[in-house]
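Accompanying notes for the structure given below.
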Amino acid sequence: MPDRFANGDPTNDSVEGMSIEGVNREKMYFRHGGDLQGVIDNLDYLKSLGITAIWLNPVVECDQPYESYHGYAITNHFLIDRRFGSNEKYLELVQKAHEKGIKIIMDIVPNHVGDQHWMIGDLPDETWIHQFPEFTRTTYRDPTLMDPYASEKDRSIMSDAWFDHHMPDLNQKHPQVANYLTQSYLWWVEYSGHDAYRIDTYAYPDQSYMAALGKRLQEEYPRLSFFAETWVHGVANQAQYTQNNNLREGYNSYCPGVTDFQLHYALNEALTRTQGWSEGAARIYYTLMQDFLYEDPYRNVTFLDNHDLSRFYSVIGENLAKFKSGLAFLMTTRGIPMIYYGTEIGMKNFTDPDGKVREDFPGGWQGDAQNKFLPSGRSPQEQEIFEYVQKLALYRQKTPALQGGRLTQFVPENGVYVYFRFDSQKTVMVVMNTHETEALVDTARFRERMDGFTKGREIVTGGVIENLSSIRVPGFTTWVLELN
Ligand SMILES: [Ca+2]
Ligand SMILES: [Ca+2]
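As numbered in our numbering, residues 5 to 488 make up the sequence shown, in order.
Structure below.
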């Protein structure tokens with residue numbers, strides 16, 4: 005959320021002629037002044053935390069009179085918003101990030117534009133957008149897209165009605181609209197050399213166009229990554245947005261991965277509900293076992309929270325042990341882990357409303373009372389959380405078994421979920437105790453993955469377990485053990 009991370013250039017806070025001039029940090033939905041320079045200035049901070057890629061919410065122009073700070077109502081596809089910097093500044097960000105081994109992910113929004121976009125003020129053709137006699141909102145019901153029993157009415161309202169007021173819905177079936185969008189995405193890769201796209205509201209544009217876009221991106225830039233935001237409910241419908249899954253006859257999305265909301269729901273449940281047959285910790289198991297639906301589930305982006313969700317620390321009741329458990333799971337299960345800014349210092353709040361989970365990162369503004377970019381500005385607990393994230397992230401970076409290694413999971417018992425990540429070099433055993441009391445875990449049933457190992461080193465605390473036959477795990481705690 006670049007407007008809320010760090011204000012590296014106060015001279016761009018007010019740009020003459022834009023709908024919103026100036027900043028007001030007292031107002032949740034006004035602009036606060038964060039910018040690309042603020043990200044550039046803190047690349048070393050992010051690198052020290054163990055970050056290897058940065059996903060920025062949209063930074064192209066969003067010259068809307070209300071709530072323009074989040075960037076999702078684009079008004080110019082080819083121009084970086086001047087409150088964030090310039091096209092040249094974006095290029096500089098990509099280059100400086102690359103020098104530090106960090107990738108940049110651009111957020112794109114093929115479904116809609118802001119109503120202040122030039123094309124809306126002077127439509128080339130009435131059919132460039134979906135128009136209704138009065139404002140009509142999408143139902144957000146993505147199952148209608150693949151439901152064999154869906155009505156045409158439900159399907160068309162889901163796809164063609166507007167995501168929100170001030171966000172006209174683009175008609176990607178129109179060849180010139182499709183061409184315009186595709187060219188803008190190709191142009192940015194060519195211009196800046198960034199590494200990946202995150203595709204916003206993926207279920208809402210015409211799905212034939214999304215498939216054509218995916219195919220085109222892969223043809224033009226085989227090394228470009230991209231993943232779809234799929235805020236949906238159900239593994240099967242989430243999986244059908246990914247490529248080569250053979251779930252829908254005659255349809256291939258050419259989309260390598262998705263944001264794994266299903267695993268997010270499962271983890272939340274594991275840490276907030278007692279295990280049942282398929283509930284609590286078992287829900288993680290039942291979610292991951294459905295990975296057979298994907299061509300490659302390792303391309304899914306996993307997360308604890310994001311800019312649209314209540315912050316994880318609040319969701320699990322500000323329980324530090326559970327918070328660490330969630331982080332340990334995120335950094336060791338399959339997929340590409342995404343950490344929302346501020347998680348590393350335990351920022352909290354619920355989405356009531358969503359502006360509350362988009363607060364300024366303390367220290368990003370000159371004169372801030374506290375500077376949490378520096379250890380001296382953090383409370384002891386914030387420092388503890390920062391170091392916990394850092395240890396896991398840096399360990400993951402140097403441990404291929406956690407990146408592309410295989411996963412073996414065991415059916416949870418008594419709230420204890422055990423899995424292994426392993427390759428020919430290393431085996432990492434993760435023991436997650438979701439129960440509030442200490443567990444003494446008999447490891448006999450995990451032998452098939454523990455043969456030849458006698459000791460385990462917990463990678464965060466550094467503690468060594470000398471005898472692996474049983475493992476003692478405190479309540480709500482997850483041990484990440486490298487086996488030796
Ligand atoms: Ca600024
Ligand atoms: Ca649409």
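Quick reminder that beta carbons are idealized off the backbone N, C-alpha and C, glycines included.
Because the structure is a prediction, the values reported are computed rather than measured.
Note on geometry: alpha-carbon atoms of Asp358 and Gly12 lie some 24 Å from one another. For Tyr258, the closest alpha carbon among the candidates Gly419, Met214 and Ala270 is that of Met214.
Using a cutoff of 7 Å, the CB of Pro301 does not count as near ligand 2, since none of the ligand's heavy atoms is closer than that. Thr447 has no beta-bridge partner at all, per DSSP. Close CB contacts of Thr441 within its chain, under the 6 Å cut and outside five residues either way in sequence, are with Gly479 (chain order).
Tyr195 is classed as exposed because its beta carbon has fewer than 16 other beta carbons within 10 Å across all chains shown. Residue list for ligand 2: Asn115, Ser163, Asp164, Asp173, Tyr208 and Pro209 (CB closer than 6 Å to any heavy atom, chain order). According to DSSP, Pro209 shares a beta bridge with no other residue. Within the same chain, Cβ atoms closer than 6 Å to the Cβ of Lys352 are found at Arg315, Tyr317 and Ser318, the five residues on either side in sequence being excluded. A distance criterion of 7 Å places the beta-carbon of Gly37 in contact range of ligand 1, judged by its closest non-hydrogen atom. Comparing alpha-carbon positions, the option among Tyr289, Leu228 and Met5 lying closest to Leu411 turns out to be Tyr289. Inter-segment contact for the segment 21-38 and the segment 373-390 is absent: fewer than three beta-carbon pairs are separated by less than 8 Å.
The alpha-carbon of Ser188 is positioned some 6 Å away from that of Phe82. Every alpha helix (DSSP H) stretch that sits fully inside the segment 273-332 and reaches 4 residues is listed by chain position as 285-292 and 316-319. Residue pairing from DSSP places Met110 in a beta bridge opposite Leu60 and Tyr201. Within the segment 391-425, the complete beta strand (DSSP E) segments at least 3 residues long are 410-413, listed from N- to C-terminus.
For Ala243, the enclosing alpha helix (DSSP H) stretches over residues Val239 to Ala243. The beta carbon of Phe457 sits closer than 7 Å to the beta carbons of Thr431, Leu472, Leu487 and Asn488 from its chain, once the five residues preceding and following it are set aside; these are given in chain order. Counting of Cβ neighbours within 10 angstroms places His237 among the exposed residues, the total staying below 16.
According to DSSP, residue pairing for Met342 in a beta bridge involves Phe307. For the pair of segments examined, the segment 36-55 was found not to touch the segment 111-130: the number of CB pairs separated by less than 8 Å stays below three. Shown here for Asp356: not one same chain residue has a beta carbon closer than 7 Å to its own, the five before and five after excluded.
A straight-line Cα-Cα distance of about 41 Å links Leu251 and Phe88. Judged by their CB atoms, Leu149 and Ala240 are not nearer to each other than the 8 Å cut-off. Arg8 and Leu324 have their C-alpha atoms spaced approximately 25 Å apart. Look at the beta carbons and you see the segment 265-279 touching the segment 434-452: at least three pairs across the two are nearer than 8 Å. A distance of 8 Å or more separates the beta carbons of His36 and Asp455. Annotation: Gln294 to Leu53 spans about 32 Å, alpha carbon to alpha carbon. Counted as a single uninterrupted DSSP element, the beta strand (DSSP E) harbouring Ala232 occupies residues Ser229 to Ala232.
With fewer than 16 other Cβ atoms from the protein chains shown falling within 10 Å of its own Cβ, Phe354 counts as exposed. For Val193, the enclosing alpha helix (DSSP H) stretches over residues Pro179 to Ser196. Under DSSP, His116 takes part in a beta bridge, and its partners are Asp173.
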